[in-house]
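Residue numbers (the working numbering): 55 to 124.
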């Protein structure tokens with residue numbers, strides 16, 4: 055069954071075979087994606103985000119989703 059509108063792509067909340075492993079893998083991927091970058095990169099992203107009128111988090115999400123900088 056496909057997730058509905060507004061689903062964040064996270065693991066299912068109900069217990070299913072392999073749900074624990076999926077939850078563990080999802081948490082590891084989330085932690086890796088939001089790992090703090092080096093200071094210089096974080097400051098550069100913050101400056102670009104402010105210039106575009108975005109928050110750092112919004113800008114970082116755009117980079118992760120598109121795989122390129124705005």
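Heads up, the beta-carbon is just placed ideally off N, CA and C, and yes, glycines get one too.
Helix, strand or coil for residue i, going by three-state DSSP, please let me know.
{"i": "residue 89", "result": "coil"}
{"i": "residue 122", "result": "coil"}
{"i": "residue 1", "result": "The requested residue 1 is not part of the displayed model; the chain covers only 55 to 124."}
{"i": "residue 95", "result": "helix"}
{"i": "residue 106", "result": "coil"}
{"i": "residue 84", "result": "helix"}
For the candidate residues the options, whose alpha-carbon lies nearest to that of residue i?
{"i": "residue 83", "options": "63, 106 and 100", "result": "63"}
{"i": "residue 102", "options": "113, 118, 89 and 76", "result": "113"}
Rounded to whole angstroms, how far is the Cβ of residue i from the Cβ of residue j, which I believe are closer than 8 Å?
{"i": "residue 97", "j": "residue 124", "result": "17 Å between Cβ atoms; not a contact."}
{"i": "residue 120", "j": "residue 110", "result": "That belief does not hold up - the Cβ atoms of residue 120 and residue 110 are roughly 16 Å apart, past 8 Å."}
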